[in-house]
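Using my numbering, read the sequence shown as starting at 1 and increasing by one per residue.
All residues carry an ideal CB built from backbone N, CA and C; glycine is no exception.
Presented below is the structure to which this report refers.
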Amino acid sequence: MGLLMSLTWVTAVQADDAVALTSIDQVPDGVEVRGKQIAAYTWDDKQGKNLLVLAEQVSERDDDGTQSAFVYAAQYLIDGNRPKRVWMLYDDVQHCEFDAALRFDRTATKVTDLAGDGITQATVGYSRTCTSDVSPNEFKLIMHVGKSQKYRLRGVDRVGAAWWDEEAGALRGMPLPKDCSVAGQQALVSQYKEQGTELPLPGCYSDEKDFAKAPQEYLAFMRQHWFALMQKQDSEWSQTQVQPQEPTDEDDTAP
Numbered sequence: 001m002g003l004l005m006s007l008t009w010v011t012a013v014q015a016d017d018a019v020a021l022t023s024i025d026q027v028p029d030g031v032e033v034r035g036k037q038i039a040a041y042t043w044d045d046k047q048g049k050n051l052l053v054l055a056e057q058v059s060e061r062d063d064d065g066t067q068s069a070f071v072y073a074a075q076y077l078i079d080g081n082r083p084k085r086v087w088m089l090y091d092d093v094q095h096c097e098f099d100a101a102l103r104f105d106r107t108a109t110k111v112t113d114l115a116g117d118g119i120t121q122a123t124v125g126y127s128r129t130c131t132s133d134v135s136p137n138e139f140k141l142i143m144h145v146g147k148s149q150k151y152r153l154r155g156v157d158r159v160g161a162a163w164w165d166e167e168a169g170a171l172r173g174m175p176l177p178k179d180c181s182v183a184g185q186q187a188l189v190s191q192y193k194e195q196g197t198e199l200p201l202p203g204c205y206s207d208e209k210d211f212a213k214a215p216q217e218y219l220a221f222m223r224q225h226w227f228a229l230m231q232k233q234d235s236e237w238s239q240t241q242v243q244p245q246e247p248t249d250e251d252d253t254a255p
C-alpha cells in the first residue's frame with residue numbers, strides 16, 4: 001500500500017488565502033508524534049504535499065507533587081516513501097509546583113500564502129502556564145516559513161482578565177487593548193491605575209522584534225490574527241463570568 005493511502009481523510013477546515021487544509025486522524029509512518037495527537041492537517045503548495053501535526057501532554061504528578069506538561073508540533077513534506085520533517089516545535093513546563101498546562105488553541109492554526117507565490121506559512125498558537133489560581137496565561141503565536149524562518153508574538157491571553165463584581169453587579173477588569181505598542185498599553189493603564197502597570201497587559205504581546213526584517217504582510221497578518229484570537233478569548237471568558245439571573249416564580253413552577 002502506498003504512503004498516501006495510510007492517510008484517513010476526514011473533513012475540510014477553514015483555510016486562508018486559497019490554501020485548502022484537510023483534517024486527518026491518522027498520520028503516515030515516519031511522522032513522529034510526541035504526546036497525544038490532537039490534530040493533523042494536510043495541504044498542497046509549491047513544495048508539494050505538506051502535513052502539520054499537533055500534540056500535547058500533561059503528566060501525572062511526581063512523587064514530590066510537581067507536574068510537567070508539553071506541546072509538540074511539526075510540519076512534514078510528504079515526498080516519496082518517507083516524510084521529511086521541515087520544522088519542529090517543542091515547549092514545556094517542568095516540575096511545576098502548582099498546575100502545569102500547555103494547550104494549543106486550534107483556532108490559531110492557520111496556513112497562508114501571503115505573498116501569493118505558492119510558498120506557504122504555517123501558524124500555530126498555544127497557552128503555557130504553571131499557576132495555582134485563575135489568571136492570564138502566557139500565550140505564543142508562532143509562524144513558520146520553510147525550515148529556518150520563524151516569527152513570534154509572545155504575550156498573555158485573556159483568561160482571568162475579567163471577573164464578576166457582586167457589589168457592582170457587573171464585570172470588572174481592564175478591557176481588551178486595541179493597541180499593543182508600549183505607548184498604547186500605557187495609555188490604557190492610565191485609565192485603570194488600580195489594575196497595576198505590568199506589561200504586557202492581558203491580551204497583548206511584548207514586542208514585534210521578530211518581524212524587523214520580515215515581509216510587511218507577515219506582521220500585518222500576525223497582528224490581525226492575534227487580536228482576533230484575543231477578542232474570541234475575551235468574549236468566551238466574559239460569558240463564563242456573567243452573573244446568572246435569579247430564578248423567578250415562573251421558572252420554579254413545574255409545567
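Which residues does DSSP pair with residue i in a beta bridge?
i      : result
His144 : Ala122 and Lys150
Gln75  : Leu52 and Trp87
Arg103 : Ser127
Gln57  : Phe70
Trp164 : Leu171
Lys110 : Thr123
Lys213 : According to DSSP, which records beta bridges pairwise, Lys213 is partnered with nothing at all.
Trp43  : Asn50
Lys36  : Glu56
Asp92  : Phe70
Gly155 : Phe139 and Tyr205
Return the chain-ordered list of same chain residues with a C-beta closer than 8 angstroms to the C-beta of residue i, the five sequence neighbours on each side being excluded.
i      : result
Asn114 : Correcting the residue type first, residue 114 is Leu in the shown sequence and not Asn. Here the set comprises Asp17, Gln121, Pro215, Glu217, Tyr218 and Phe221.
Val242 : Trp164 and Leu171
Gly263 : Outside the shown range of the chain (1 to 255) lies residue 263, about which nothing can therefore be said.
Glu167 : none
Leu7   : Any reading at Leu7 needs caution, since the residue's pLDDT is 36, under 50, leaving its predicted position unreliable; the model's value is listed next. Result list for Leu7: Ile24, Gln26, Val27, Pro28 and Thr42, in chain order.
Val134 : Val159 and Gly160
Val182 : Leu199
Taking 7 angstroms as the limit between beta carbons, can you name the residues of its chain near residue i, skipping five residues before and five after?
i      : result
Ala100 : Val58, Gln67, Ser68, Ala69, Val93 and Cys130
Phe98  : Cys130, Thr131 and Ser132
Ser206 : Arg154, Gly155 and Pro200
Val91  : Just to set this straight, residue 91 is Asp in the shown sequence, not Val. Cβ within range, chain order: Phe70, Val71, Leu102 and Arg128.
Arg85  : Ala74 and Tyr76
Phe211 : Tyr151, Tyr218 and Leu219
Gln149 : none
Pull up the CB-CB distance for residue i and residue j, whole angstroms please, since I reckon it's below 8 angstroms.
i      : j      : result
Thr40  : Val19  : Here the sequence assigns Ala to residue 40, which means Thr is not the residue at that position. The pair is not a contact, with the Cβ atoms about 16 angstroms apart (cut-off 8 angstroms).
Val159 : Gln239 : The pair is not a contact, with the Cβ atoms about 13 angstroms apart (cut-off 8 angstroms).
Ala162 : Trp87  : About 36 angstroms separates the two Cβ atoms, so there is no contact after all.
Leu89  : Ile142 : 7 angstroms
Asp63  : Gly118 : Not a contact, Cβ separation roughly 52 angstroms.
In chain order, what residues of the same chain lie with their CB nearer than 6 angstroms to the CB of residue i, ignoring the 5 residues before and after it?
i      : result
Ser127 : Arg103, Asn137, Phe139 and Asp157
Val145 : Gln121
Gln224 : none
Gly125 : Asp105, Ala108 and Leu141
Arg61  : Gln67
Gly203 : Arg158, Leu176, Pro177 and Met230
Any heavy atom of the ligand NAD closer than 8 angstroms to the Cβ of residue i?
i      : result
Val182 : For the ligand NAD, the structure offers nothing, since it holds no ligand at all.
Does the stretch 64-80 come close enough to the stretch 18-32 that 3 or more CB-CB pairs lie under 8 angstroms? yes
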